[in-house]
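Asks:
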Amino acid sequence: MQIQPVLAALRRHRLATLLIVMEIALACAVLCNACFLIANRLQQTRLQSGVDETSLAELTLTGFDPSQATDLNARVLDGLRTIPGIQSVSVINAVPFGQHAGTAGIKLSRDTPDSAGVVDFYVGGPGSFEALGLHVVSGRAPQATDMSAVADFLPKSAPVLVSRALAAHLWPDADPLGKVIWCADRPYRVTGVVDHLARPAGGQGGPETREWSVFVPALPGENLAGVYLLRAAPDQLNRVLRDARARIAKIAPEVVVDSLGSQTLPQLRDRYFRDDRAMAGMLLGVIVALLLVTALGIVGLTSFWVAQRRKQIGVRRALGATRGDILGYFQTENFLIVSFGIGLGMLLAFGINLLLMTQYELPRLPLLYLPIGALVLWGLGQLSVLAPALRAAAVPPVVATRSV
Amino acid sequence: MFTYYLDLALRSLKRNKALTALMVLAIAVGIGASMTTLTVMHLLSGDPMPGRSATLFYPQVDPTDSPKPDSQPRDVMDYRSAVDLWSAHRADRQALIASTELKLRAPGVNLPPQMARVLTTTSDFFPMFSVPLRYGTAWTPADDEQRSRVAVISSDLNNRLFGGANSVGRTVRLKDSDVRIIGVLAPWRPSPQFYDVAGGRFSEGKTASFYAKPEEVFMPFSTAQDVAGSEFNVFTCWGSVEAMKHLQTAPCAWVALWVQLDDAAKVAGYRRFVADYAAQQKALGRFVHGDNTRMMDLMQWLDFNHVVPSDVRLQVVLAFAFLLICLCNTVGLLLAKFLRRSGEIGVRRALGASRGAVFAQCLVEAGTIGLLGGLGGWLLTLLGLWLVRRQPVEYADLAHLDAGMFLATFALAVLAALLAGLVPALRASRVTPGLQLKTL
Numbered sequence: 001m002q003i004q005p006v007l008a009a010l011r012r013h014r015l016a017t018l019l020i021v022m023e024i025a026l027a028c029a030v031l032c033n034a035c036f037l038i039a040n041r042l043q044q045t046r047l048q049s050g051v052d053e054t055s056l057a058e059l060t061l062t063g064f065d066p067s068q069a070t071d072l073n074a075r076v077l078d079g080l081r082t083i084p085g086i087q088s089v090s091v092i093n094a095v096p097f098g099q100h101a102g103t104a105g106i107k108l109s110r111d112t113p114d115s116a117g118v119v120d121f122y123v124g125g126p127g128s129f130e131a132l133g134l135h136v137v138s139g140r141a142p143q144a145t146d147m148s149a150v151a152d153f154l155p156k157s158a159p160v161l162v163s164r165a166l167a168a169h170l171w172p173d174a175d176p177l178g179k180v181i182w183c184a185d186r187p188y189r190v191t192g193v194v195d196h197l198a199r200p201a202g203g204q205g206g207p208e209t210r211e212w213s214v215f216v217p218a219l220p221g222e223n224l225a226g227v228y229l230l231r232a233a234p235d236q237l238n239r240v241l242r243d244a245r246a247r248i249a250k251i252a253p254e255v256v257v258d259s260l261g262s263q264t265l266p267q268l269r270d271r272y273f274r275d276d277r278a279m280a281g282m283l284l285g286v287i288v289a290l291l292l293v294t295a296l297g298i299v300g301l302t303s304f305w306v307a308q309r310r311k312q313i314g315v316r317r318a319l320g321a322t323r324g325d326i327l328g329y330f331q332t333e334n335f336l337i338v339s340f341g342i343g344l345g346m347l348l349a350f351g352i353n354l355l356l357m358t359q360y361e362l363p364r365l366p367l368l369y370l371p372i373g374a375l376v377l378w379g380l381g382q383l384s385v386l387a388p389a390l391r392a393a394a395v396p397p398v399v400a401t402r403s404v
Numbered sequence: 405m406f407t408y409y410l411d412l413a414l415r416s417l418k419r420n421k422a423l424t425a426l427m428v429l430a431i432a433v434g435i436g437a438s439m440t441t442l443t444v445m446h447l448l449s450g451d452p453m454p455g456r457s458a459t460l461f462y463p464q465v466d467p468t469d470s471p472k473p474d475s476q477p478r479d480v481m482d483y484r485s486a487v488d489l490w491s492a493h494r495a496d497r498q499a500l501i502a503s504t505e506l507k508l509r510a511p512g513v514n515l516p517p518q519m520a521r522v523l524t525t526t527s528d529f530f531p532m533f534s535v536p537l538r539y540g541t542a543w544t545p546a547d548d549e550q551r552s553r554v555a556v557i558s559s560d561l562n563n564r565l566f567g568g569a570n571s572v573g574r575t576v577r578l579k580d581s582d583v584r585i586i587g588v589l590a591p592w593r594p595s596p597q598f599y600d601v602a603g604g605r606f607s608e609g610k611t612a613s614f615y616a617k618p619e620e621v622f623m624p625f626s627t628a629q630d631v632a633g634s635e636f637n638v639f640t641c642w643g644s645v646e647a648m649k650h651l652q653t654a655p656c657a658w659v660a661l662w663v664q665l666d667d668a669a670k671v672a673g674y675r676r677f678v679a680d681y682a683a684q685q686k687a688l689g690r691f692v693h694g695d696n697t698r699m700m701d702l703m704q705w706l707d708f709n710h711v712v713p714s715d716v717r718l719q720v721v722l723a724f725a726f727l728l729i730c731l732c733n734t735v736g737l738l739l740a741k742f743l744r745r746s747g748e749i750g751v752r753r754a755l756g757a758s759r760g761a762v763f764a765q766c767l768v769e770a771g772t773i774g775l776l777g778g779l780g781g782w783l784l785t786l787l788g789l790w791l792v793r794r795q796p797v798e799y800a801d802l803a804h805l806d807a808g809m810f811l812a813t814f815a816l817a818v819l820a821a822l823l824a825g826l827v828p829a830l831r832a833s834r835v836t837p838g839l840q841l842k843t844l
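For the protein sequence lines, the chains are V and S, in the order given. The first sequence begins at 1 in our numbering and counts up by one. The second sequence begins at 405 in our numbering and counts up by one.
(1) Starting from S/TRP790 and walking both ways along the alpha helix (DSSP H), at which residues does that stretch end?
(2) List the residues of chain V that S/GLN795 touches, going by C-beta distances under 9 Å, in chain order.
(3) Note down, in chain order, each residue of its chain lying with its Cβ closer than 7 Å to the Cβ of V/LEU47, except the 5 sequence neighbours on either side.
(4) With DSSP collapsed to three states, give me the class of V/TRP171.
(5) Kindly indicate the opening and closing residues of the beta strand (DSSP E) around V/ILE181.
(6) Between S/ARG752 and chain V, is there a C-beta pair that is closer than 8 Å?
(7) Please confirm whether V/TYR360 has its beta-carbon closer than 8 Å to some beta-carbon of chain S.
(8) Which runs of the alpha helix (DSSP H) at least 4 residues long sit entirely within the stretch 607-647 of chain S? Give them in chain order.
(9) Determine the chain V residues that contact S/VAL712 at a beta-carbon separation under 7 Å, and present them in chain order.
(10) Cβ atoms of S/VAL535 and S/PHE529: under 8 Å apart, would you say?
(11) Rounded to whole angstroms, what's the CA-CA distance from S/ILE501 to S/MET481? Just pull it up for me.
(12) Name the chain V residues that come within less than 9 Å of S/LEU855, Cβ to Cβ?
(13) With a threshold of 8 Å between beta carbons, is V/MET346 in contact with chain S?
(14) Are the beta-carbon atoms belonging to S/SER833 and S/VAL768 less than 8 Å from one another?
(15) With 16 as the cutoff for other CB atoms within 10 Å, does V/VAL398 come out buried or exposed?
(16) Does any CB atom of chain V fall closer than 8 Å to the CB of S/LEU727?
(17) Which residues of chain S have a Cβ atom closer than 7 Å to the Cβ of V/MET282, listed in chain order?
(18) Is there a C-beta anywhere in chain S that falls below 8 Å from the one on V/ALA27?
(19) From V/THR145 to V/ALA39, what does the alpha carbon distance come to, in whole angstroms?
(20) If I measure Cβ to Cβ from V/ARG364 and keep anything under 8 Å in the same chain, skipping five residues before and after, which residues do I get?
(21) Contact between the stretch 157-168 of chain V and the stretch 220-235 of chain V: three or more CB pairs below 8 Å?
(22) Please give me, in chain order, every unbroken run of the beta strand (DSSP E) with length at least 3 that falls completely inside the stretch 120-180 of chain V.
(23) Restricting to Cα atoms, I'd like to know which of V/LEU327, V/LEU296 and V/ALA307 is closest to V/LEU380.
(24) Roughly how many whole angstroms lie between the Cα atoms of V/VAL6 and V/GLN382?
(25) Should the stretch 453-463 of chain S be called in touch with the stretch 743-757 of chain S, which here means at least 3 C-beta pairs below 8 Å?
(26) How is V/VAL404 classed by DSSP in three states: helix, strand or coil?
(27) Strictly below 7 Å CB to CB, what residues from chain V border S/ARG605?
(28) Mind checking who V/PRO187 pairs with in its DSSP beta bridge?
(29) Tell me whether V/GLY117 sits in a helix, a strand or coil according to DSSP, three-state version.
(30) Figure out for me which residue from V/GLU23, V/LEU10 and V/VAL123 has the closest Cα to the Cα of V/SER213.
(31) Would you say the beta carbon of V/SER115 is closer than 7 Å to some non-hydrogen atom of the ligand FMN?
(32) What are the residues that DSSP puts in a beta bridge with S/ASP701?
(33) Any Cβ of chain V within less than 8 Å of the Cβ of S/LYS507?
(34) Which ranges would you report for the alpha helix (DSSP H) in the stretch 565-598 of chain S if only whole runs of at least 4 residues count?
(35) Looking only at its chain, what residues have a beta carbon closer than 6 Å to the beta carbon of V/PHE64, apart from the 5 residues adjacent to it on each side?
(36) Just to confirm my understanding: we take V/THR302, look at its own chain, exclude 5 residues before and 5 after, and list those with CB closer than 6 Å. What are they?
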């Protein structure tokens with residue numbers, strides 16, 4: 001197929017060609033960026049919490065006085081332990097995807113003015129570390145002797161475990177074991193590193209801070225009460241949580257069960273990423289609508305061109321062009337137009353990406369998206385040009401002999 | 405002439421129904437998407453106190469011992485600074501704001517205890533923010549002074565506890581204290597819940613919670629110190645952890661102050677007053693940063709906190725990019741349509757129609773398409789808003805099309821179609837009559 005005559009014909013329809021090129025370019029730019037945003041959101045929803053989510057549930061009780069806390073802990077731990085199917089119940093201050101509780105700034109030495117970042121402290125009573133199912137990669141898991149009473153939201157001092165991500169942030173080149181982190185004027189010595197531990201309510205300061213968490217073993221008491229971690233086999237979890245809530249009504253009728261904070265971890269996770277999934281769904285809707293509109297535009301304009309050139313097509317057919325030649329002509333034309341559009345669209349895609357990068361926590365658009373976007377648009381162009389082009393190919397040569 | 409053009413336009417649109425439907429659909433979808441997102445944006449970025457917002461101010465001081473001199477004041481204040489500024493009564497009206505959650509039981513009502521969101525404030529809150537009352541009254545400055553055990557409850561809570569009846573005079577138990585209901589609010593839904601806004605810059609654009617419903621119980625700030633003890637929602641703490649036992653003296657930020665200042669002189673005066681207060685506190689040794697004060701007005705404060713969720717802004721941008729694509733599409737199709745009629749236009753020009761007349765005729769046709777697209781866009785906007793209302797976000801119940809946005813839908817549709825029709829109409833009006841007549 002010769003390109004020269006196609007280009008010559010397009011030059012006669014400069015404005016209409018330009019419009020389709022613009023439309024394709026915009027579609028290409030939006031398509032690439034929207035796909036990238038979707039991938040980004042879905043990537044976030046795959047966050048590894050580091051805990052055995054499918055076996056865990058959180059039960060949150062509120063509306064009790066600190067003076068009743070120790071008594072309440074005892075009643076709840078005793079009362080829930082006998083629920084059939086429950087593997088363990090322990091006291092904790094927060095769980096991944098739940099309400100955050102121990103968010104605080106840390107420093108690397110007592111007197112430095114420089115903050116080392118804002119992290120989340122998980123404060124867990126006996127059994128909670130094992131129940132979470134955290135995986136220790138170096139150092140050791142907490143032991144019974146590590147636990148002391150919680151002063152306000154943390155023990156006065158304790159051996160702690162940090163996530164690998166936090167260790168890499170605080171001590172990029174050194175072994176974290178034995179290092180000390182300071183929260184206000186209190187030291188916490190690192191005795192272990194866990195491979196993953198997502199903070200409860202996301203990071204402050206971007207996706208890379210999502211796992212800046214510290215696990216502090218502590219003894220339940222006045223300042224550590226009300227949030228309980230239940231562990232059961234995944235298929236029993238919902239029933240165990242239901243039974244637990246029913247039992248709370250009997251053993252502690254005076255407290256209020258916080259419904260939002262009393263769910264299984266899969267439920268909490270689902271809720272946590274709801275916005276991201278909704279946004280991804282909306283973006284997908286935009287992409288579909290966009291491709292549809294673009295396709296219809298191509299169909300409309302090509303149909304018009306076919307109608308306009310009926311006579312020329314007839315002449316070409318009479319002069320010996322086959323149906324395939326006519327079909328090929330319109331397909332080549334479409335391919336050229338879409339290619340111009342894609343060329344322009346790639347530049348535009350990077351422009352929009354730069355704009356989004358300044359406004360949102362987004363990395364640079366990976367180059368991989370461009371060929372994929374191009375392939376999609378080429379395919380779309382060829383598909384939408386097919387019907388009008390077939391109609392053009394069906395024009396009989398006899399048209400050439402008719403006037404008007 | 406206009407009606408004639410309209411008649412021509414309708415005839416022309418009827419001639420090629422598929423093409424017309426395509427153009428109307430493209431505009432309708434583009435408008436529907438844009439107007440849905442724009443309506444949500446409009447509802448979320450609006451002025452929650454129209455006409456009053458410029459007189460409402462949010463003073464801030466810096467009680468922290470942060471060694472960095474360039475740090476911003478904390479979003480809310482410590483107890484002592486806020487109460488000092490409030491009790492000076494230098495503004496036309498002033499309200500302290502702190503929130504908490506307390507266990508609530510209603511004697512004689514057969515409901516399990518529940519946690520109620522409680523706003524603790526001072527008596528000026530109600531007149532200052534024009535809070536509507538359904539039954540009873542708000543409390544008075546004397547109640548603030550005497551730490552009266554009184555409360556005003558929201559319309560929602562009143563419906564839930566008392567079936568919507570006049571509950572003034574009844575008692576509810578908050579934590580361990582009985583308080584008497586003296587007022588019930590009429591339904592009140594400020595967007596955002598502006599008096600509580602703080603910390604927006606730390607929330608990574610996830611600010612939908614600023615659009616939650618107002619609290620369920622309102623009680624005097626002074627009374628709440630007795631009733632809630634130290635159980636308030638704290639914004640942040642600094643300094644020694646030991647000192648945090650008693651919130652009233654702790655190095656913690658948890659009390660906000662709103663003031664109403666009716667003219668520029670008072671605003672300048674109040675700024676000076678806050679600056680003087682901070683300088684005096686520094687002289688007393690309580691503040692490290694005596695000059696780190698700030699006072700924004702309501703809209704500035706909302707802007708500073710980026711109250712509109714970043715997802716909502718992204719959706720608007722996307723929707724308009726989409727509308728642009730739909731418009732490109734429409735321009736192309738209109739061009740095709742008008743130039744297809746070159747012969748007809750040639751005849752009209754030969755018979756004496758001016759270029760302007762042809763141009764006007766084409767634009768009327770484009771405008772008609774816009775109007776039809778607007779109608780479709782309006783229906784799609786209603787559908788879009790219905791979808792937004794089904795989303796589990798705090799502002800879902802706010803998503804309704806008001807009269808202004810309804811008109812804007814049609815205005816935008818017609819404007820978009822006219823813009824799209826501009827170039828094709830110009831092209832059509834340039835058709836040379838002679839050339840076209842020859843080919844006929």
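Glycine included, each C-beta is placed from N, C-alpha and C at the ideal position. The model shown is predicted, which means the values in this text are computed figures rather than measured ones.
Replies: Let me lay it out:
(1) 759-793
(2) ARG274, ASP275 and ALA278
(3) ALA198 and ARG210
(4) coil
(5) 180-183
(6) no
(7) yes
(8) 625-632
(9) Ordered by position in chain V, no residue passes the 7 Å Cβ test against S/VAL712, which lies about 12 Å from the chain.
(10) yes
(11) 10 Å
(12) No information on residue 855 of chain S is available, as it lies outside the stretch 405 to 844 that chain S covers here.
(13) no
(14) no
(15) exposed
(16) no
(17) GLN719
(18) yes
(19) 45 Å
(20) ASN353 and MET357
(21) no
(22) 136-139 and 158-163
(23) V/LEU296
(24) 16 Å
(25) no
(26) Any reading at V/VAL404 must be qualified, since the residue scores a pLDDT of 48, below 50, and its modelled position is unreliable; no value is offered.
(27) Those do not exist, as S/ARG605 stays about 10 Å from chain V at its closest Cβ, beyond 7 Å.
(28) V/TRP182
(29) strand
(30) V/VAL123
(31) Of the ligands one can find in the structure shown there are none, so the ligand FMN has no counterpart to examine.
(32) S/PHE461
(33) yes
(34) none
(35) LEU72 and VAL255
(36) VAL385 and PRO388
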